[in-house]
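S.K.: Under my numbering, think of the first position of the sequence shown as 40, with each following residue one higher. Structure below; questions to follow.
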Amino acid sequence: MADALALDEVVRFTSDLIRIDTTNRGGGDCRERPAAEYAAERLSGAGLEPLLLERTPGRTNVVARLEGTDPSAPALLVHGHLDVVPAQAADWSVHPFSGEIRDGVVWGRGAVDMKNMDAMILAVVRSWARLGVRPRRDVVIAFTADEEASAEDGSGFLADEHPELFEGCTEGVSESGAYTFHDGAGRQIYPIAAGERGTAWLRLTARGRAGHGSKVNKENAVTRLAAAVARIGAHEWPLRLTPTVRAALAELAALYGVEADLRNVDALLEKLGPAARLVEATLRNSANPTMLEAGYKINVIPGEAVAHVDGRYLPGGEEEFRATLDRLTGPDVDWEFHHREVALQAPVDSSTYRAMRAAVEEFAPEGHVVPYCMAGGTDAKQFSRLGITGYGFSPLKLPEGFDYNALFHGVDERVPVEALHFGVRVLDRFLRTV
40 MADALALDEV VRFTSDLIRI DTTNRGGGDC RERPAAEYAA ERLSGAGLEP
90 LLLERTPGRT NVVARLEGTD PSAPALLVHG HLDVVPAQAA DWSVHPFSGE
140 IRDGVVWGRG AVDMKNMDAM ILAVVRSWAR LGVRPRRDVV IAFTADEEAS
190 AEDGSGFLAD EHPELFEGCT EGVSESGAYT FHDGAGRQIY PIAAGERGTA
240 WLRLTARGRA GHGSKVNKEN AVTRLAAAVA RIGAHEWPLR LTPTVRAALA
290 ELAALYGVEA DLRNVDALLE KLGPAARLVE ATLRNSANPT MLEAGYKINV
340 IPGEAVAHVD GRYLPGGEEE FRATLDRLTG PDVDWEFHHR EVALQAPVDS
390 STYRAMRAAV EEFAPEGHVV PYCMAGGTDA KQFSRLGITG YGFSPLKLPE
440 GFDYNALFHG VDERVPVEAL HFGVRVLDRF LRTV
């Protein structure tokens, strides 16, 4: 088990990393290097030889390999991103980059997404160095830039330009899994991610005839775009159950003592109560209009209008997604991918998944582990280019009232000290036994 110093270090490292402002505003407006240097220094202190790698100056990634005891065993990738989304200090109870520790809670942007996991990785590896522990499998550690935007300077760059650093890696673990979900009726559920919907950020362009705002114009680009956006927003996507979601529904149904009737999923979700939130966003593809751009003067009909749509598609659902967008946009509106990444699916009957489940159950015996599919995406998408199967596993034991998903990108992001201690113990147990 991780030593006592690891429990102190995980809290300090989380706080320190939060205080390093790595806000990613998109468009290249971010600088992760100070956080990368901080992580690299602590890996060096554990006897590793971290590499600092950049595609763009200041957008720094860290990669290190911890050799295991069995050279024939496949390697495991453990990764976390260093960047965070923006935060408006005026909206927060504490400054979002203070890293303040108050009443047993660490506050600040990145506390759950995902400097907490970065700190857990560092704390575990340093504990192993002190205790003389080596895992069976090689463990490749990666701290990445740019996850909160395109990942072009982060995991995409590493996968495309430095695949040799991940040689032998067959599986990886990272964010958004093994956290406590309270169902409001006394049950504690620990969802482990075994899939992600694909990313399909779209740009829609309508073209028409520019003209005076007072004239009849049946080729109005704004009208054409608005009609397409309305159709997309109103579209009801059909139900599509992936193997991961089927497994989640089956295990949740067993937990609640109800029949897993997949012929009537809506009725099943009603019986699951709040736990339905773990699957409801991954039952279908989705497309949500988010941005509109058109015109430059109120009395001028523009010749072009643009919209942006956040689309997501299930594993195996990209072809249906494309065909549906073709139909919904119609003949007067073109669409293209502004950013596209693959959907992922991981087996829930693998030895790695069983090891994650066992690690959680050892330290949360009252908990119920279930698989789930993420509605969004992570760096696992880019690493999948290297044949690495990704899971979401950044363990946290959270008290009732801590809404994990609401804290992602939310105001007053924070994490309890005890949750970090739990995370270190579970991650240590998993990495030793997987």
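C-beta atoms are modelled at their ideal positions from N, C-alpha and C, and glycine is treated no differently.
Our contact map puts Gly247 next to Asn338 with C-beta atoms below 8 angstroms; I'd like the distance itself, whole angstroms only.
M.R.: The Cβ separation is near 16 angstroms, so there is no contact.
S.K.: Based on DSSP bridge pairs, tell me the residues matched to Gln384.
M.R.: In the DSSP output, where bridge partners are listed per residue, Gln384 has Gly234.
S.K.: May I have a chain-ordered list of the alpha helix (DSSP H) segments no shorter than 4 residues that lie completely inside the segment 308-378?
M.R.: Qualifying alpha helix (DSSP H) stretches, in chain order: 357-368.
S.K.: Report the rounded CA-to-CA distance for Ala25 versus Val123, giving the unit in angstroms.
M.R.: It is not possible to answer for residue 25, since the shown part of the chain is limited to 40 through 473.
S.K.: Does the beta-carbon distance from Leu241 to Asn100 come in below 8 angstroms?
M.R.: Result no, Cβ atoms of Leu241 and Asn100 do not sit closer than 8 angstroms.
S.K.: Across the segment 199-207 and the segment 413-429, are there enough close Cβ pairs to call them in contact, namely three or more that are closer than 8 angstroms?
M.R.: Touching, per the Cβ criterion.
S.K.: Starting from Ala103, trace the beta strand (DSSP E) both ways and give me its first and last residue.
M.R.: Thr99 to Leu105 is the extent of the beta strand (DSSP E) around Ala103.
S.K.: Along the chain, where does the alpha helix (DSSP H) that runs through Trp167 open and close?
M.R.: Trp167 -> alpha helix (DSSP H) spans Lys154 to Leu170.
S.K.: Quick one: any contact between the segment 332-349 and the segment 258-273, if contact means 3 or more CB pairs under 8 angstroms?
M.R.: At 8 angstroms Cβ cutoff, the stretches touch.
S.K.: I think Ala279 touches Gly356, with their Cβ atoms under 8 angstroms apart; what is that distance to the nearest whole Å?
M.R.: The sequence shown places Arg at residue 279, rather than the Ala named in the question. Yes, they are in contact, since the Cβ atoms of Arg279 and Gly356 sit about 6 angstroms apart, within 8 angstroms.
S.K.: If you count every other CB in all the chains shown that lies within 10 Å of the CB of Leu317, and 16 or more means buried, which is it?
M.R.: By the 10 Å Cβ count, Leu317 comes out buried.
S.K.: Pull up the distance between the alpha-carbon of Ala78 and that of Leu121, whole angstroms please.
M.R.: So the two alpha carbons sit approximately 9 angstroms from each other.
S.K.: Based on Cα-Cα distance, which residue from Thr219, Val473, Ala292 and Leu383 lies nearest to Arg393?
M.R.: Minimum Cα distance to Arg393 is reached at Val473.
S.K.: May I have a chain-ordered list of the alpha helix (DSSP H) segments no shorter than 4 residues that lie completely inside the segment 237-303?
M.R.: Runs of the alpha helix (DSSP H) inside the segment 237-303: 260-273 and 282-295.
S.K.: Comparing C-alpha positions only, which one of Val178, Ala224 and Pro125 sits nearest to Glu452?
M.R.: Among Val178, Ala224 and Pro125, the Cα nearest to that of Glu452 belongs to Pro125.
S.K.: Rounded to the nearest angstrom, how far is the Cβ of Val348 from that of Leu243, given a contact under 8 angstroms?
M.R.: Correct: roughly 6 angstroms between the Cβ atoms.
S.K.: How many Å lie between Glu380 and Lys420 at the Cα?
M.R.: Each residue's Cα considered, the two are about 7 angstroms apart.
S.K.: Among Gly296, Glu457 and Leu288, which residue has its Cα nearest to the Cα of Asp305?
M.R.: Comparing Cα-Cα distances from Asp305 to each of Gly296, Glu457 and Leu288, the minimum goes to Leu288.
S.K.: So, under 8 angstroms CB-CB, Glu400 and Val387 are touching, yes? Tell me the CB distance rounded to an integer number of Å.
M.R.: With a Cβ gap of about 15 angstroms, Glu400 and Val387 do not count as contacting.
S.K.: Please state the DSSP three-state secondary structure of Gln127.
M.R.: Gln127 falls in the coil class under three-state DSSP.
S.K.: Ordered along the chain, which non-local residues of its own chain (more than five positions away) have a Cβ less than 6 angstroms from that of Asn63?
M.R.: Only Cys69, Asp122, Glu187 and Ala188 meet the Cβ criterion.
S.K.: What is the DSSP secondary structure of Pro110, counted as helix, strand or coil?
M.R.: Coil.
S.K.: Based on DSSP bridge pairs, tell me the residues matched to His221.
M.R.: Paired residue(s): Gln227.
S.K.: Hey, Ala414 and Arg351 are a contact pair by Cβ (cut 8 angstroms); roughly how many whole angstroms apart?
M.R.: That belief holds up - the Cβ atoms of Ala414 and Arg351 are roughly 7 angstroms apart, short of 8 angstroms.
S.K.: If you run the structure through DSSP and keep just helix, strand and coil, what is Ser189?
M.R.: Coil.
S.K.: Is the segment 79-94 touching the segment 208-223 in the sense that three or more CB pairs, one from each, lie closer than 8 angstroms?
M.R.: No, because fewer than three Cβ pairs between the segment 208-223 and the segment 79-94 fall closer than 8 angstroms, the two stretches do not touch.
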